[in-house]
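Written below as structure tokens is the structure these notes are about.
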Amino acid sequence: MYVVLIGRPGVGKGTQAQRLGDALGLPPISTGEILREIIRSHGDQAQEIANRIDGGNLAADELIMELVEHELEESGFEAGCLFDGIPRTIVQARALDDLLGRRGEQIRVAIEMAAPVESLVGRILARAGTEGRADDTLPAIRQRMEIYNQRTEPILRYYQKQGVLRSIDGLGTREEVFHRLRRCIEDC
Ligand code: AP5
Ligand code: MG
25 MYVVLIGRPG
35 VGKGTQAQRL
45 GDALGLPPIS
55 TGEILREIIR
65 SHGDQAQEIA
75 NRIDGGNLAA
85 DELIMELVEH
95 ELEESGFEAG
105 CLFDGIPRTI
115 VQARALDDLL
125 GRRGEQIRVA
135 IEMAAPVESL
145 VGRILARAGT
155 EGRADDTLPA
165 IRQRMEIYNQ
175 RTEPILRYYQ
185 KQGVLRSIDG
195 LGTREEVFHR
205 LRRCIEDC
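Residues in the sequence shown are numbered from 25 upward in steps of one, following the numbering used here.
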């Protein structure tokens, strides 16, 4: 089963993808984590990627789809996976459908984790003190929120038209949100 988690920065996609992955046997794919790994490796593309994401802007669609295709090929994921923060643009949403389609698969459910910006900025700033992510500064957080509104929110309509969109309240304890997501996935 292929599941997409969509939501504003800080809503808990990564936290919940890990836990759901363990509970349901669906490994998460997080492009944010993969990109940070590339930056840490100081490889060829590291500087260009850092220039984009450290300021809160998106990485290029082509690069993201190459990384996702590579992950799917390398890891198999016959039982499916959880996409954490992919797709983030309409171009990626279409490309992901094509990619899964070539494997005879499709997105079963795309879940919006809904929460207002004001509740999330504080969470991210709190994390900044411990994790030191380069994009957890106030200007970059604002840009990430803006990019979400402009580029990512339109994919909600895309999945709604396909009849696979569900929405859950992303506020509450980690435990509460986990159970909402789990129920949503198990009902599909
Ligand atoms: P990415 O790493 O995906 O960052 P993001 O979407 O900005 O979201 P975060 O990781 O900050 O938040 P989250 O929703 O995962 O929440 P988390 O669980 O961490 O992407 C980073 C960048 O990479 C992007 O800006 C872009 O540049 C690039 N990128 C990635 N994918 C891309 C793509 N497909 N296309 C193009 N570019 C791409 O939780 C946040 C904090 O809150 C944590 O400290 C957590 O412990 C805490 N928390 C979680 N749940 C709760 C709760 N219920 N109550 C209280 N605290 C909570
Ligand atoms: Mg994350």
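Glycine included, every Cβ here is placed at the ideal spot set by N, Cα and C.
Quick one: residues in its chain with C-beta nearer than 8 Å to the C-beta of residue i, no 5 flanking neighbours on either side, listed in chain order?
i	result
Arg272	This structure gives no information on residue 272, because the portion of the chain shown stretches from 25 to 212.
Glu129	Tyr26 and Gly104
Asn81	Gln167 and Ile171
Looking at residue j and residue i, is the spacing between their C-beta atoms short of 8 Å?
i	j	result
Ile30	Leu180	yes
Tyr26	Leu124	yes
Leu91	Thr55	yes
Val133	Arg190	yes
Leu149	Val35	no
Leu120	Ala83	no
Ile131	Val28	yes
Met89	Gln71	no
Cys208	Ile110	no
In chain order, what residues of the same chain lie with their CB nearer than 6 Å to the CB of residue i, ignoring the 5 residues before and after it?
i	result
Ala152	Asp160
Tyr183	Ala134 and Leu189
Pro76	In the sequence as displayed, the identity of residue 76 is Arg instead of Pro. Same-chain partners within the cutoff: Ala83.
Ala158	Asp78
Contact check, residue i vs residue j under 8 Å by CB: the rounded distance?
i	j	result
Pro33	Ile192	In fact, because the Cβ distance is near 17 Å, the residues do not count as touching under 8 Å.
Gln42	Phe202	Actually they are not in contact, since the Cβ atoms of Gln42 and Phe202 sit about 10 Å apart, beyond 8 Å.
Leu87	Pro52	Actually they do not touch by this definition, with Cβ atoms about 19 Å apart.
Lys37	Met137	7 Å
Gly79	Gln167	6 Å
Leu50	Gly104	5 Å
Would you say residue i faces chain D, with C-beta separation under 8 Å as the test?
i	result
His94	Here chain D cannot be found, since the structure has a single protein chain.
I'd like the list of long-range same chain contacts for residue i, defined as Cβ closer than 7 Å, with 5 residues on each side in sequence excluded.
i	result
Arg206	Leu44 and Ala47
Val69	The amino acid occupying residue 69 in the given sequence is Gln; Val does not appear at that position. Hits under 7 Å: Ile62.
Pro178	Ile114
Glu93	Leu123
Arg147	Gly34
Nearest-residue set for ligand 2, Cβ under 7 Å from any heavy atom: Lys37, Gly38, Ser54, Gly56, Asp108 and Gly109
Which runs of the alpha helix (DSSP H), 4 residues or longer, sit entirely within the stretch 68-116? 70-77 and 85-99
Taking the runs of the alpha helix (DSSP H) that are 4 residues or longer, which of them lie wholly in the stretch 153-198? 162-171 and 178-186
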